[in-house]
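Sequential numbering from 2 applies to the sequence shown in the working numbering. Even glycine gets a Cβ: it sits at the ideal position worked out from N, Cα and C. Predicted model, so just to flag it, every value in this text is computed and none were measured.
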Amino acid sequence: MQTFLVTGGAGFIGSNFIRLLLDECDDAFVVNVDLLTYAADPCNLAGVEGDGRYAFVRADARDASAMAGVFSRFAPDVVIHFAAESHVDRSIAHPLLFQETNVGATVALLEAARSHWERGGGFRDGCMFVHVSTDEVYGDLPLEPVRPTASRASTSSACAPCPWDVDAFCEDASLRPRSPYAASKASAEMFVRSYGETYGLPAVVVRCSNNYGPHQHEEKLIPKAIACALSGEPFPLYGSGANVRDWLYVKDCCRGILAAMRYGRAGEAYNLAGGCAMANLQLIDALRAALRDASAGRLALGIEHVADRPGHDRRYAMNGEKAAAELGWRPEMPFADGLRTTVAWYLRRYFGEA
Numbered sequence: 002m003q004t005f006l007v008t009g010g011a012g013f014i015g016s017n018f019i020r021l022l023l024d025e026c027d028d029a030f031v032v033n034v035d036l037l038t039y040a041a042d043p044c045n046l047a048g049v050e051g052d053g054r055y056a057f058v059r060a061d062a063r064d065a066s067a068m069a070g071v072f073s074r075f076a077p078d079v080v081i082h083f084a085a086e087s088h089v090d091r092s093i094a095h096p097l098l099f100q101e102t103n104v105g106a107t108v109a110l111l112e113a114a115r116s117h118w119e120r121g122g123g124f125r126d127g128c129m130f131v132h133v134s135t136d137e138v139y140g141d142l143p144l145e146p147v148r149p150t151a152s153r154a155s156t157s158s159a160c161a162p163c164p165w166d167v168d169a170f171c172e173d174a175s176l177r178p179r180s181p182y183a184a185s186k187a188s189a190e191m192f193v194r195s196y197g198e199t200y201g202l203p204a205v206v207v208r209c210s211n212n213y214g215p216h217q218h219e220e221k222l223i224p225k226a227i228a229c230a231l232s233g234e235p236f237p238l239y240g241s242g243a244n245v246r247d248w249l250y251v252k253d254c255c256r257g258i259l260a261a262m263r264y265g266r267a268g269e270a271y272n273l274a275g276g277c278a279m280a281n282l283q284l285i286d287a288l289r290a291a292l293r294d295a296s297a298g299r300l301a302l303g304i305e306h307v308a309d310r311p312g313h314d315r316r317y318a319m320n321g322e323k324a325a326a327e328l329g330w331r332p333e334m335p336f337a338d339g340l341r342t343t344v345a346w347y348l349r350r351y352f353g354e355a
């Protein structure tokens with residue numbers, strides 16, 4: 002049996018990943034380390050607690066002593082590191098917290114892994130550190146993308162005829178973070194890379210585009226907009242709403258992380274790109290339609306344009322060809338289907354049925 006240490010497993014992506022891991026790996030034992038801060042919810046793992054292949058440890062991943070204790074107690078083979086502060090607005094208001102959490106926790110885990118996995122000048126077989134990062138580390142791009150030639154066009158995306166723009170970031174692009182959140186994630190990545198280069202620690206980095214789906218905290222765009230529709234309040238939309246994000250259904254993201262864990266090459270980074278880019282205003286229009294359909298026209302979503310976020314990134318775009326070639330991974334959930342599933346989940350929760 003393999004033991005997997007998942008940090009931040011009571012959060013949005015982490016809880017979805019734990020469910021997928023237990024579903025797909027019969028020989029998996031999962032240790033979930035989570036401090037249960039505001040964005041975590043034990044209900045995200047309802048039904049998992051009784052599984053004999055699951056253990057929960059409430060601890061702060063920044064606490065090097067606590068992480069060393071977890072390693073000593075459970076001897077994990079693989080670390081999947083989700084735990085992080087992730088909301089850009091909060092990072093603008095509290096940058097020091099993001100540095101302490103996103104960088105500090107990563108270094109504490111790397112040290113624990115190095116101490117417990119080292120064997121006679123190398124590392125024991127089968128160990129791997131999987132660091133979950135973000136497309137925001139690359140910085141932004143102009144709003145008008147550079148489109149590929151016809152020969153490069155692909156129909157694999159469920160959202161657009163061609164998922165990868167010519168100017169989309171590949172994994173070897175320079176990191177140019179523009180927010181304190183993005184800077185903290187880029188810094189954490191550099192520590193992961195340094196532990197591979199300096200000590201030989203087997204590690205991979207996955208950079209995910211904007212996730213959406215069930216169990217996401219309501220500070221994020223889609224659940225916040227749904228909450229506004231349910232309360233009859235307008236959604237506060239930054240600036241003109243022209244900023245572009247690339248959307249990836251959470252279960253597709255978790256499949257990509259699992260693929261990186263299984264097939265990724267130590268020392269490499271992999272883009273998990275949704276290939277489904279749209280302006281925020283376009284997303285709101287799609288969400289309006291999904292809410293209208295799910296509620297038989299009872300729910301309407303209004304918007305209120307508010308002052309733009311400082312340093313608001315214009316457009317994110319990643320090239321996902323490396324993940325497809327090396328990991329055998331591509332997103333599968335069509336955006337319209339994923340959005341309908343997401344809206345239905347939140348409506349069930351709101352009406353007490355989930």
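- Give the straight-line distance between the Cα atoms of Glu198 and Ser296, rounded to the nearest whole angstrom. Approximately 54 Å, taken between the alpha carbons.
- Query: Does the distance from the CB of Val207 to the CB of Tyr271 come in under 8 Å?
  - Reply: Closer than 8 Å, so yes.
- Going straight from the alpha carbon of Leu6 to that of Asn33, what length do you get? Roughly 6 Å between the two C-alpha positions.
- Message: By the three-class DSSP mapping on this structure, what secondary structure does Ala291 have?
- Response: Reduced to three states, the DSSP call for Ala291 is helix.
- Of the choices Tyr55, Ala67, Ala169, whose alpha-carbon is the least far from that of Ser322? The question names Ser, yet the displayed sequence has Glu at residue 322. Answer by Cα proximity: Ala169.
- Task: Helix, strand or coil for Cys209, going by three-state DSSP, please let me know.
- Result: Strand, per DSSP.
- Task: Would you mind listing the beta strand (DSSP E) stretches within the region 38 to 104 that are 3+ residues and don't spill past its ends, in chain order?
- Result: If we require 3 residues or more, the beta strand (DSSP E) runs fully inside the region 38 to 104 come out as 55 to 59, 79 to 82.
- Item | Where the beta strand (DSSP E) containing Asp247 begins and where it ends | First-last of the beta strand (DSSP E) with Asp247: 245 to 250.
- Item | Beta carbon of His132 nearer than 8 Å to that of His88 | Annotated as distal: His132 and His88, with beta-carbon spacing of 8 Å or more.
- Query: Should Asn45 and Ala84 be called a contact, given that it needs their Cβ atoms to be closer than 8 Å?
  - Reply: In this structure, Ala84 does not lie closer than 8 Å to Asn45 by Cβ.
- Pick from Glu50, Thr38, Pro43, Arg125: whose alpha carbon is nearest that of Ala76? Closest option to Ala76, Cα to Cα, is Arg125.
- DSSP puts Thr4 in a beta bridge; with which residues? Partner(s): Phe30.
- Query: Got a sec? Which residues, its chain only, sit under 6 Å from Ala106 by beta carbon, not counting five neighbours each side?
  - Reply: Here the set comprises Ala62, Arg63, Ala84.
- Residues in its own chain within less than 7 Å of Arg179 by CB, not counting five upstream and five downstream? Excluding positions up to five away in sequence, the list reads Gly140, Asp141, Gly312, Asp314.
- Message: Considering only the alpha carbon of each residue, which of Thr4, Ile14, Met2 lies closest to His218?
- Response: When only C-alpha atoms are compared, the closest one is Ile14.
- Query: Quick one: any contact between the region 239 to 254 and the region 273 to 293, if contact means 3 or more CB pairs under 8 Å?
  - Reply: Between the region 239 to 254 and the region 273 to 293 there are three or more inter-stretch CB-CB distances shorter than 8 Å, so the stretches are counted as touching.
- Message: If you measure between the beta carbons of Tyr213 and Gly339, is that distance less than 8 Å?
- Response: Contact: yes.
- Message: Tell me which residue opens and which closes the beta strand (DSSP E) that Thr131 is part of.
- Response: Reading off the sequence, residue 131 comes out as Val, not Thr. First-last of the beta strand (DSSP E) with Val131: 129 to 135.
- Determine the burial state of His306: buried for a count of at least 16 other Cβ atoms within 10 Å of its Cβ, exposed for fewer. Answer is exposed; the Cβ neighbour count stays below 16.
- Message: I need the DSSP call for Tyr347, collapsed to helix, strand or coil.
- Response: DSSP places Tyr347 in helix when its eight states are reduced to three.
- Own chain residues within Cβ distance below 6 Å of Arg360, not counting five before or after: Lying outside 2 to 355, the shown extent of the chain, residue 360 is not represented and no answer is given.
- Could you name the residues of the same chain whose beta carbon sits closer than 8 Å to that of Phe192, not counting the 5 residues immediately before and after it, in chain order? Contacts found: Val104, Thr107, Val108, Leu111.
- Reduced DSSP category for Phe170 - H, G, I as helix; E, B as strand; rest coil: Collapsing the DSSP output to three states places Phe170 in a strand.
- Could you check where the beta strand (DSSP E) with Met334 kicks off and where it finishes? That residue, Met334, is in no beta strand (DSSP E); it is neither H nor E in DSSP.
- Taking DSSP as the reference, what is the three-state secondary structure of Glu305? Of the three classes helix, strand and coil, the one that applies to Glu305 here is strand, per DSSP.
- Which partner residues does Asn17 have in the DSSP bridge list? Paired residue(s): none; Asn17 is not in a bridge.
- Give me the Cα-Cα distance between Arg246 and Pro224, rounded to the nearest whole angstrom. The straight-line gap from Cα to Cα measures roughly 16 Å.
- Query: Excluding the five sequence neighbours on either side, which residues of its own chain have a C-beta within less than 6 Å of the C-beta of Tyr196, listed in chain order?
  - Reply: For Tyr196, where only same-chain residues beyond five positions count, the Cβ hits under 6 Å are Leu111, Leu202.
- Message: Taking a contact to mean a Cβ-Cβ separation below 8 Å, would you say Phe30 touches Ile258 in this structure?
- Response: Annotated as distal: Phe30 and Ile258, with beta-carbon spacing of 8 Å or more.
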